[in-house]
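Sequences listed follow chains U and D, in order. At position 53 of the first sequence the residue is numbered 53 (the working numbering), and the sequence of numbers has no breaks. At position 139 of the second sequence the residue is numbered 299 (the working numbering), and the sequence of numbers has no breaks. C-beta atoms are modelled at their ideal positions from N, C-alpha and C, and glycine is treated no differently. These numbers were taken from a predicted model, which means no experiment stands behind them. A quick write-up on the structure given underneath.
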Amino acid sequence: MSSSFVFINIFAISCLIFAFIKDKRKAIQGVVIALRNFIKIIPTILAVILSITLLLAFFSEKQISQIVGDKAGFIGIIIVAFLGSILQIPSLISFPLAASLLKRGASITLIAVFITTLTMVGIITLPLEIKAVGKRIALMRNGISFIIAIIIGIILGMIL
Amino acid sequence: MRKQFKKLKRTEKDWKQNIVILGIVFVVTIILFLFFPSKREVMIVTFEKFFIEMISILPAVLILMGLFTVFISKKMVMRYLGEAAGIKAIFLGILMGALPTGPLYIAFPIASVLLKKGVRVASVVSFLSAWACIKIPQEMVELQFLGFKFMALRLFLTIIFVIIMGIFIEWAVKLTNQK
Numbered sequence: 001m002s003s004s005f006v007f008i009n010i011f012a013i014s015c016l017i018f019a020f021i022k023d024k025r026k027a028i029q030g031v032v033i034a035l036r037n038f039i040k041i042i043p044t045i046l047a048v049i050l051s052i053t054l055l056l057a058f059f060s061e062k063q064i065s066q067i068v069g070d071k072a073g074f075i076g077i078i079i080v081a082f083l084g085s086i087l088q089i090p091s092l093i094s095f096p097l098a099a100s101l102l103k104r105g106a107s108i109t110l111i112a113v114f115i116t117t118l119t120m121v122g123i124i125t126l127p128l129e130i131k132a133v134g135k136r137i138a139l140m141r142n143g144i145s146f147i148i149a150i151i152i153g154i155i156l157g158m159i160l
Numbered sequence: 161m162r163k164q165f166k167k168l169k170r171t172e173k174d175w176k177q178n179i180v181i182l183g184i185v186f187v188v189t190i191i192l193f194l195f196f197p198s199k200r201e202v203m204i205v206t207f208e209k210f211f212i213e214m215i216s217i218l219p220a221v222l223i224l225m226g227l228f229t230v231f232i233s234k235k236m237v238m239r240y241l242g243e244a245a246g247i248k249a250i251f252l253g254i255l256m257g258a259l260p261t262g263p264l265y266i267a268f269p270i271a272s273v274l275l276k277k278g279v280r281v282a283s284v285v286s287f288l289s290a291w292a293c294i295k296i297p298q299e300m301v302e303l304q305f306l307g308f309k310f311m312a313l314r315l316f317l318t319i320i321f322v323i324i325m326g327i328f329i330e331w332a333v334k335l336t337n338q339k
């Protein structure tokens, strides 16, 4: 058992106990929402885990690192950043995917750039954001986030 | 009411779509499993490992998200952020954004109201960015799969850059307003 598993579950259980003490009705409502979300997300999670299984079984380290490895260079980083900005993968399932790619020799920089743009930059949701906070703020926030994601990825790649 | 119904219909359609995708991936996996006996062991071990790793934290993560959705209302977020000022407003923006309460498109209307109320631009920008990428359950899944060092360092860098970005955008907005 990993320590993160213990930590996460203890944290959730304490929150749950606290919630029940504070307001039983609301706590039950929260659990119902959790159950509903579980049903909603479980097909996607299974599909991703199966895809990871195939990826790790049929692609060698060499093949994967050629596409998303250190040799991908700056152009690779830009491509991954764009992919992350456009795709709408729930971050919850992007992490196991990232872990499996890292295991097979993907570069830390590329993975970090991908995860960061995936969450921070949203081209699909940009029209909604413009409507809410105006063109200036929305465009600046997404544009700067795109650059920030790349910087974060490069720093992570250098340190780790 | 009608809108809600429409939304329900959409998620149901999404769910069916995801089931179809799962079905396709499942069939492909079974076929490959049958035709490549040498790969069977790797496949079973990998599936088991990732499945257990996911299922051992998923209920906890979802319960946290559910509880926060119920206990922290839009009104609360707006009240807290609406009153804060100075550098505290930026940190509060990040904190409020990091609470796990649903997808990004829920945060947009909140941000819109906050701006109209006259809350600092830097605070609203950090709130939106934190909502997008510093969610507490998300960090937990990252911890589980990518390890403490990766998660902590990325989190630290993200917070620093989000604060800088918030202040910069606020400055740029003021500058263009003056012209």
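DSSP state of residue i mapped onto helix, strand, coil
| i | result |
| --- | --- |
| A106 (chain U) | coil |
| T125 (chain U) | coil |
| K295 (chain D) | coil |
| G69 (chain U) | coil |
| S60 (chain U) | coil |
| P96 (chain U) | helix |
| I89 (chain U) | coil |
| G134 (chain U) | coil |
| P43 (chain U) | helix |
| L259 (chain D) | coil |
| G157 (chain U) | helix |
| K176 (chain D) | helix |
| I278 (chain D) | The sequence shown places Gly at residue 278 (chain D), rather than the Ile named in the question. G278 (chain D): coil per DSSP, three-state reduction. |
| S2 (chain U) | coil |
| T318 (chain D) | helix |
| M161 (chain D) | Note on M161 (chain D): pLDDT 49, under 50, position unreliable in the model; the coordinate value appears next. It is coil, neither helix nor strand. |
Neighbourhood of residue i by C-beta, 7 Å cutoff - its chain only, sequence neighbours within 5 removed
| i | result |
| --- | --- |
| S94 (chain U) | I115, L118 |
| L55 (chain U) | S100 |
| L126 (chain U) | A138, N142 |
| V180 (chain D) | none |
| G262 (chain D) | T229 |
| I89 (chain U) | L118 |
| K234 (chain D) | I270 |
Chain-order list of residues whose beta-carbon lies under 8 Å from that of residue i (same chain, five-residue window excluded)
| i | result |
| --- | --- |
| M161 (chain D) | With a pLDDT of 49 at M161 (chain D), under the threshold of 50, the predicted position of this residue should be treated as unreliable, and no value is reported. |
| R239 (chain D) | none |
| A19 (chain U) | K26, A27, G30 |
| L156 (chain U) | I108, T109, A112 |
| I52 (chain U) | P96, L97, S100 |
| A132 (chain U) | A138 |
| F57 (chain U) | Checking the sequence, you will find Ala at residue 57 (chain U) rather than Phe. Cβ within range, chain order: n/a, list empty. |
| V48 (chain U) | I93, P96, L97 |
| E213 (chain D) | Q304, F305 |
| I64 (chain U) | L55, L101, R104, G105, A106 |
Expected contact under 8 Å - CB spacing of residue i and residue j to nearest Å
| i | j | result |
| --- | --- | --- |
| I123 (chain U) | I86 (chain U) | 5 Å |
| M300 (chain D) | I8 (chain U) | 5 Å |
| L16 (chain U) | L252 (chain D) | Wrong, their Cβ atoms sit about 26 Å apart, outside the cutoff. |
| L160 (chain U) | F310 (chain D) | 6 Å |
| I294 (chain D) | I266 (chain D) | With a Cβ gap of about 16 Å, I294 (chain D) and I266 (chain D) do not count as contacting. |
| I150 (chain U) | I79 (chain U) | That belief does not hold up - the Cβ atoms of I150 (chain U) and I79 (chain U) are roughly 12 Å apart, past 8 Å. |
| S289 (chain D) | V322 (chain D) | 5 Å |
Other residues of its chain near residue i: CB distance less than 6 Å, five sequence neighbours each side excluded
| i | result |
| --- | --- |
| I223 (chain D) | none |
| I296 (chain D) | A258, P260 |
| D70 (chain U) | S107 |
| V285 (chain D) | G326, I329 |
| V6 (chain U) | none |
| E129 (chain U) | A138 |
Amino acids of chain A, ordered along the chain, whose beta-carbon sits closer than 9 Å to that of residue i
| i | result |
| --- | --- |
| I329 (chain D) | Here the protein chains are U and D, and chain A is not one of them. |
- Message: Please identify, using Cβ separations under 7 Å, the residues of the segment 117-141 of chain U that lie next to chain D, in order along the chain.
- Response: Answer in chain order: T119, M120, G122, T125, L128, E129, A132, V133, R136, I137, M140, R141.
- For the segment 178-256 of chain D, which segments carrying the alpha helix (DSSP H) assignment without a break, of at least 4 residues, lie completely within its bounds, in sequence order? Complete alpha helix (DSSP H) runs here, min 4: 200-215, 218-231, 234-243.
- Taking a cut of 9 Å between CB atoms, which residues from the segment 56-74 of chain U lie near chain D? Taking 9 Å as the Cβ-Cβ cut-off against chain D, the residues of the segment 56-74 of chain U that qualify are L56, A57, F58.
- What residues from the segment 293-307 of chain D come within 7 Å of chain U, judged by C-beta to C-beta, listed N to C? When C-beta distances to chain U are compared with 7 Å, the residues of the segment 293-307 of chain D below that value are C293, Q298, M300, V301, E302, L303, Q304, F305, L306, in chain order.
- Item | Within 9 Å of chain U by C-beta, residues of the segment 218-239 of chain D in sequence order | Taking 9 Å as the upper bound on Cβ-Cβ separation, chain U lies near residues L218, P219, A220, V221, L222, I223, L224, M225, G226, L227, F228, T229, V230, F231 of the segment 218-239 of chain D.
- Using a Cβ cut-off of 7 Å, which residues of the segment 195-207 of chain D contact any Cβ in chain U, in chain order? Taking 7 Å as the Cβ-Cβ cut-off against chain U, the residues of the segment 195-207 of chain D that qualify are K199, V202, M203, T206, F207.
- Message: Please list, in chain order, the residues of the segment 277-291 of chain D that have any C-beta partner in chain U closer than 8 Å.
- Response: Result list: V281, V284, V285, L288, S289.
- Item | Against chain D: residues of the segment 40-52 of chain U by CB proximity under 9 Å | Within the segment 40-52 of chain U, the qualifying residues are K40, I41, I42, P43, T44, I45, L46, A47, V48, I49, L50, S51, I52.
- Message: Any C-beta of chain U within less than 7 Å: which residues of the segment 308-319 of chain D qualify?
- Response: For chain U, the residues of the segment 308-319 of chain D that bring a beta carbon within less than 7 Å of one of its beta carbons are K309, F310, L313, R314, L317, T318, in chain order.
- Message: Any C-beta of chain U within less than 8 Å: which residues of the segment 239-270 of chain D qualify?
- Response: The segment 239-270 of chain D vs chain U, Cβ under 8 Å: L264, Y265, F268, P269.
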